[in-house]
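Since the structure comes first, as structure tokens, the remarks are kept for the end.
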Amino acid sequence: MSDAAPLLAVRGLNAWYGESHALHGVDLEVFPGETVTLLGRNGVGKTTTLRAIIGLIRQRTGQIFFDDKDLMRLPLHRTAHQGIGLVPEERGIFATLTVDENLVLPPIVAEGGMSVEEIFELFPNLKERRNSPGTRLSGGEQQMLAIARMLRTGVKMLLLDEPTEGLAPVIVQRIGDLLATMKKRGMTILLVEQNFRFASRVTDRFYLMEHGKVVAGFPVGELPDRMTLLHEVLGV
Amino acid sequence: MAELSLRETRAKSSVWLEWTLVGLGILTLLVAPFFVYPIFLMKMLCFALFACAFNLLLGYTGLLSFGHATFFGGAAYFTAYAVKVWGWPPEAGILLGALGAALLGLVMGFFAIRRQGIYFAMITLALSQMFFFFCVQAPFTGGEDGIQGVPRGKLLGMLDLNVSINIYYFVLAVFLIGVFAIWRIINSPFGMILRSIRENESRAISLGYSVANYKLAAFVMSATLAGLAGALKAIVFQFATLTDVTWQMSGEVILMTLLGGIGTMVGPIIGASLVVGLENTLATSSFPVTIATGLTFMVCVLVFRRGIVGEVYARFLGPKGDAKD
Amino acid sequence: MKCWVYDGAMTMIFGIPVQAFLGQLLVGLINGSFYAMLSLGLAVIFGLLRVINFAHGALYMLGAFIGYLLLTRFGIGYWPALILSPLIVGGFGVVVERLALSRLYDIDPLYGLLFTFGLALVLEGVFRYYYGVSGSPYSVPPLLSGGTNLGFMFLPNYRGWVVVASMIVCFGTWALIEKTRLGSYLRAATENPGLVQAFGVNVPLLLTLTYGLGAALAGLAGVLAAPIYQVSPLMGSDLIIVVFAVVVVGGMGSILGAIVTGYMLGLAEGLTKVFYPEASNLVVFVIMAIVLLVRPAGLFGRDA
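Protein chains in written order, with our numbering: chain A, 29 to 264; chain B, 246 to 570; chain C, -8 to 295.
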């Protein structure tokens, strides 16, 4: 793995919300085809890291290279076209758009994405409700839609922010299967997740964040040895 | 710690500076009629009071009224009518004007505070346009001609206001009383609550303040003082016309406040002086006033949002004032 | 023009001759057409840009004046002007958005209102300076001159055309926003501009185009209005305030709401002219006040 170049390389990333300094030099790398999970307590800057990478937070310094391209210089709407997409924590399903419209909203940025038909095959209940407003869907369906619409765009990498938050176990299970399918298709994923058990099922590696910084990184196999550290940092 | 005390001395020195400037300002106004046309100065003072009253609402409560001409012009009508038709003495006429404006403010405020922000502005504008149409048609306003030839009369039956120096000092006194009242309101506990509403309305609600009542009270106070200015103007110029109730007049007072500095005590006074001065200058040229006003608006909004006084505070006196940005 | 006679005894409705009644209703419908077109543009612009476009009336006036100037200076008639004038006004809107409004999105929306207020004053001032306050007539295009006797009333053809055209414009804009892909971008960006841009949609461009579209709509309304009302520098400023009241009544949450409210208030105004002409100027504002009491968010408003 280490002989390949990272798909996403973040170095010394700082970010601010107005006056408040939220990220204090985040370093992380994600290699092609990998699933990597950011762990940490609430408020340590996991969501902020994702939002700063994609460029939703403009008050940022440091380096972000994606596929060897410098994301820091790009305007927000050019970033997705490099092949990176965000599924935000609040899911971002639009109430004034139908399910169909929500699905085709993100522009196609590269070849190799799934077609609408393929997506409907994967998510039959979305097809059934394709003409109803997006926010009429259940929480689980909304999360499916939020992920599904990014699969259509042909992005190489997804930033997934707490996809299982507030969902029933059976839905969480389905999302886990979905991530596995995506991984098989070669998707690279940077995941933020509170559900530790879910994460350890889908991830290759972990990064541990504290106070706006990455403080440790280890593969999923080292998990048993790291439990003391995790207890300390996460309080789980 | 060192930084803190430094800031304290700085604040203290700026307070001293402010009082010195206020003293100098009053002194200037006391001697000004010997150098400048009193009628021009009085116009300036009326508009300055109008702008200060407006700023009480915009600068310290965060409500943009686009209908303040109603209070200014409405009060002018009430005063002019009472003094001319009923033969009331000027002080009673002015009082009636201010009270009438308060009543109008109560009505307009009652409707307008039901919405916030941009809707508030549109509602006040629409209601004020309604008042304008009312004034066009109502018999007592004299329609297009307005009420002309209002006698200045004798103040308290003694001081002849037809003597220009007498009326000037009367206007100055009313102006100073009005501005002092605004200053007191702003620096009272009531004013503090208004400011906290401006900063964060939902927080003020959650703290248990009945925000609607505070807003309405601020609206009525602002309307009353704007009415005082309009009433004064009717006595000074001896007429009341439709011009003072148009939406352009509402726009003008916004410009004065914006140009001088929203949320500063002195800003509206300076802004009003500049706008009145500019209009007087342009009156003799062929350049249309509306273009100048419009351009000033655009420039202020784009590059100069703190206004003149706000910029001065920001650059020379450190963070002070409540310039809204 | 009103020399035609309805045969026999006059038919009355509530003690009002039927022709007068229908005539005023038509005037109301015409006014309502313009309210609808303008409040529609305001709602579209506000939805995405969070700017209340005070210059909307001035852009309407600009549209009418460009039509007038095209005719008097270049001999370009009504029909080409119906296309050209909105394009020019829309282009002007694009420039205004790029140079100025785009700098105001991050601050209190009141500044957008104040800026466009200034812009309206400048536009109005410029045309007043060159053309005075008295209106200039713009004649009805030959194709639409004359009128049609509908049996129950006489309908000037041009007025009929304006009603039809405004409905086409309103429906077209509604369909553009509700039924097309571009419209879905617009709706989504109204809800969450940041996320839509993060998806790779050029939202800044969308904002520019939206203001351009809104301005073009106002310009189009201006050309349509030119033969009915005279072309005058002041034609926009009085109208815009009524349109603001319309927008308060309708609430700006819904495109359809803006359209329906526009027509309704126009008709209400027409009816008032029949029964109590003195109040016809006031009725829209009175309705606004009542709506504020009963339903502060507006008839179609979503924001409480």
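Quick reminder that beta carbons are idealized off the backbone N, C-alpha and C, glycines included. Keep in mind it's a predicted model, so treat the numbers as computed, not measured.
By the 10 Å Cβ neighbour count, where 16 or more other Cβ atoms means buried, how is residue i classified, buried or exposed?
i, result
"Ser530(B)", "exposed"
"Met367(B)", "buried"
"Ala314(B)", "buried"
"Asn458(B)", "exposed"
"Tyr305(B)", "buried"
"Val243(A)", "exposed"
"Cys(-6)(C)", "For Cys(-6)(C), the pLDDT reaches just 42, beneath the cut-off of 50, and the residue's location in the model is therefore unreliable, although a value from the coordinates is still provided. That one is exposed."
"Arg550(B)", "buried"
"Leu35(A)", "buried"
"Glu145(A)", "exposed"
"Tyr51(C)", "buried"
"Leu272(B)", "exposed"
Take residue i as the anchor and find which of the options has the nearest alpha-carbon.
i, options, result
"Met510(B)", "Gly423(B), Thr488(B), Ile438(B)", "Gly423(B)"
"Ile57(C)", "Glu269(C), Leu141(C), Pro268(C), Ala212(C)", "Ala212(C)"
"Gly345(B)", "Met466(B), Leu286(B), Gly398(B)", "Met466(B)"
"Leu90(C)", "Ile159(C), Gly203(C), Ile219(C)", "Gly203(C)"
"Val534(B)", "Pro513(B), Gly496(B), Arg560(B)", "Gly496(B)"
"Leu187(A)", "Gly40(A), Thr77(A), Gly68(A), Leu41(A)", "Thr77(A)"
"Met287(B)", "Val548(B), Gln374(B), Gln483(B), Ala528(B)", "Gln483(B)"
"Ala380(C)", "Pro8(C), Pro224(C), Leu256(C)", "Chain C is shown from -8 up to 295; residue 380(C) falls before or after that span and cannot be answered."
"Ile430(B)", "Asn411(B), Ala462(B), Glu444(B)", "Ala462(B)"
In the DSSP assignment, the alpha helix (DSSP H) including residue i goes from what residue to what residue?
i, result
"His47(C)", "47 to 65"
"Ile412(B)", "409 to 431"
"Thr139(C)", "That residue, Thr139(C), is in no alpha helix (DSSP H); its beta strand (DSSP E) goes 138 to 140."
"Val42(C)", "Note, Val42(C): premise wrong, no alpha helix (DSSP H); not H, not E."
"Ala176(A)", "167 to 179"
At a CB-CB cut-off below 7 Å, which residues of chain A make contact with residue i?
i, result
"Ser175(C)", "Leu125, Glu129, Leu133"
"Glu182(C)", "Phe122, Ala123, Thr124"
"Val194(C)", "His105"
"Ala299(C)", "Chain C is shown only over -8 to 295; residue 299(C) falls outside these bounds and no answer can be derived."
Just to make sure I have the definition right: I need the residues of chain C whose C-beta is within less than 7 Å of the C-beta of residue i. Which are they?
i, result
"Tyr364(B)", "Val239"
"Pro116(A)", "Leu186"
"Leu104(A)", "Gln188, Ala189"
"Leu309(B)", "Leu101"
"Arg359(B)", "Leu283, Pro287"
Can you pull the chain A neighbours of residue i, defined as C-beta to C-beta under 8 Å?
i, result
"Glu269(C)", "The contacting residues do not exist; Glu269(C) stays about 42 Å from chain A at best."
Who are the Cβ neighbours of residue i in its own chain at under 8 Å, not counting the five residues just before and after it?
i, result
"Ser409(B)", "Pro278, Pro283, Ile284"
"Gly241(C)", "Ser30, Ala34, Gly248, Ala249, Val251, Thr252, Gly253, Gly289, Leu290, Phe291, Gly292"
"Val277(C)", "Ala270"
"Gln15(C)", "Gly261, Leu262, Lys264, Val265"
"Arg150(C)", "Leu17, Ile21, Ile219"
What does residue i touch in chain C if you count any residue whose Cβ is under 9 Å from its own?
i, result
"Ile499(B)", "Leu105, Phe108"
"Gly83(A)", "Gln188, Ala189"
"Met375(B)", "Ala236, Asn272, Leu273, Val275, Phe276, Val277, Met279, Ala280"
"Pro384(B)", "Near Pro384(B) there are no residues of chain C at all, since even the closest Cβ is about 12 Å away, more than 9 Å."
What does a CB cutoff of less than 7 Å around residue i pick up in its chain, not counting 5 residues either side in sequence?
i, result
"Leu504(B)", "Gly516, Leu519, Val520, Thr541, Cys545, Gly552, Ile553"
"Gly46(A)", "none"
If the cut is a Cβ gap below 8 Å, which residues of chain C does residue i touch?
i, result
"Thr107(A)", "Ala189, Gly191"
"Val137(A)", "Gly191"
"Arg550(B)", "Ile98, Tyr102"
If you follow the beta strand (DSSP E) that residue i is part of, which residue opens it and which one closes it?
i, result
"Val220(A)", "216 to 220"
"Arg233(A)", "233 to 238"
"Gln91(A)", "88 to 94"
"Phe484(B)", "Where Phe484(B) is concerned, there is no enclosing beta strand (DSSP E), given that its DSSP letter is neither H nor E."
"Ser48(A)", "48 to 58"
"Ile363(B)", "Here Ile363(B) belongs to no beta strand (DSSP E); instead the alpha helix (DSSP H) covers 362 to 382."
"Phe145(C)", "145 to 147"
Can you give me the Cβ contacts of residue i inside the same chain, cut-off strictly under 6 Å, excluding the 5 residues immediately before and after it?
i, result
"Thr386(B)", "Tyr322, Cys380"
"Arg157(A)", "Val127"
"Cys297(B)", "Val424, Ile427, Pro513"
"Ile199(A)", "Gly168"
"Ala485(B)", "Ala321, Tyr322, Ala325, Gly391, Ile392, Ala479"
"Val132(A)", "none"
"Ile441(B)", "A small fix is needed here, since residue 441(B) is Ser in this sequence, not Ile. Correct list, in chain order: Ala449."
"Ala37(A)", "Glu57, Phe93"
"Lys399(B)", "Asp405"
By the criterion of Cβ-Cβ separation under 7 Å, what are the contact partners of residue i in chain B?
i, result
"Gly116(C)", "Pro533, Thr535, Ile536, Gly539"
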